[in-house]
Structures are given as C-alpha cells and as structure tokens.
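What the sequence shown shows, in my numbering, is residues 852 to 1017, in sequence order.
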Amino acid sequence: MADESWRLPSSVQQLAASIQEPPRQYLLREQEPLGGNLAGTEMPEPIPTIDLGLLSASNDAEEAAKLRSALQTWGFFKVSDHGMETSLMDSVMNASRDFFRLPLEEKRKYSNIIGGKHFQMEGYGTDQVKTQDQRLDWSDRLHLKVEPEDERNLAHWPIHPKSLQG
852 MADESWRLPS
862 SVQQLAASIQ
872 EPPRQYLLRE
882 QEPLGGNLAG
892 TEMPEPIPTI
902 DLGLLSASND
912 AEEAAKLRSA
922 LQTWGFFKVS
932 DHGMETSLMD
942 SVMNASRDFF
952 RLPLEEKRKY
962 SNIIGGKHFQ
972 MEGYGTDQVK
982 TQDQRLDWSD
992 RLHLKVEPED
1002 ERNLAHWPIH
1012 PKSLQG
C-alpha cells in the first residue's frame, strides 16, 4: 500500500514551531493564480465590499454583479450592512482567540481527522488534502456547524473556552 501520509498535514501551529520555512505545498509560485496578490505586494485595488442589506432587500442587480466579480477575481469580500451586532462579533472573535490560544493537544481533541485517517469538514485542523501537489492554506481552522441547530454535532464543539459551547 502506498504511503499517503501527505493527506494528513501537520497543523500550521505545529509546523511554525518546528521549521524555518514553510513546506513547498504552502508556497505559491508567481505564475499560479493569486500569486500576484500575496501579502507584502501592492494591492491592485481595494478589497470588494458587498452590501448584504442592499443585496437581500432588493436583489439589486448591480450589487449581485459586484458579488459575482468579487468571487471570480478575489475569491473573498468584505460585508457591510449584515445586521450583526458589534457585541456579537466581538464575542465570537474573543472566543475564537481563546480557543486558538489553547495548547495544541487540547485543540486536537476536536480534530477534523477521524481515526487518524478520514477527513471531515467539522472540527479543528486544516483543509482536506486531495492530491500530493495541492497548495495548502497557511492556517488552522475550527469549523463548527451552527445552523440548522438540529444538525449541530456537539462532539466537535470545544468545552474550553466555555463561550464556544453549543
């Protein structure tokens, strides 16, 4: 059986603590998509902002075109008029920071890799690795399904910090 250990990358936190330079799968070459928009290079234009209030209230064609363009060119966008209270966003950010400050072994209790072999979307870890030459994001994630509430898998919800409990 072929060695497929490449399918289970180490956490970025673990890599950052033990290496001088990121492994090749985390590096983009200039000719690759997004290669010209890497951190440290001058941004060609501001990050697009999508007004969710305008988009959802009137199904505004111009705002829909902005959203489509942002997804095709940038792959992400900022959101305005989303209706979320600042206090809620602050609470989520604080809970997230508290979780990511936990020791690695504590975070691994909520791994998105089952039995050391099988990837699942929910939990703590990195993206699914499908090919050996796939480019990976230099990030660790905690993906939790929130809605619909009856589909929450609380086994993936950390008990620390308390504010993250589902």
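In this text, a Cβ means the ideal position worked out from N, Cα and C, and glycines have one as well.
Between which two residues does the alpha helix (DSSP H) containing residue i stretch?
i	result
Thr-924	912-924
Arg-1003	Element bounds for Arg-1003: n/a, residue is neither H nor E.
Leu-955	955-959
Please classify residue i: does DSSP put it in a helix, a strand, or coil?
i	result
Val-814	Summary: the structure shown does not reach residue 814, with the chain confined to residues 852 through 1017, and so no result is reported for it.
Gly-967	coil
Ser-869	helix
His-994	strand
Ser-1014	helix
Ser-942	helix
Arg-875	helix
Arg-948	helix
Lys-981	coil
Pull up the DSSP beta-bridge partners for residue i, would you.
i	result
Gly-976	Arg-992
Thr-900	Lys-929
Ser-862	Looking at the DSSP assignment, Ser-862 forms no beta bridge with any residue, so it has no partner.
Ser-907	Paired residue(s): none; Ser-907 is not in a bridge.
Ser-962	Tyr-975
Do the CB positions of residue i and residue j come within less than 8 Å of each other?
i	j	result
Thr-900	Phe-928	yes
Leu-859	Ile-964	yes
Asp-991	Gly-967	no
Asp-978	Ser-931	no
Tyr-961	Pro-1009	yes
His-1011	Leu-955	no
Leu-815	Arg-959	Coverage of the chain is limited to positions 852 through 1017, which leaves residue 815 absent and any answer about it impossible.
Ser-1014	Ser-942	yes
Phe-950	Leu-995	no
His-1007	Glu-957	no
Determine whether the Cβ of residue i lies closer than 8 Å to any Cβ atom of chain B.
i	result
Gln-871	Among the chains of the structure shown, chain B does not appear; only one protein chain is present.
Looking at C-beta atoms only, is the number of pairs between the region 868-879 and the region 993-1003 that lie closer than 8 Å three or more? no
Closer than 8 Å is the cut-off here; do at least three beta carbon pairs connect the region 939-956 with the region 905-922? no
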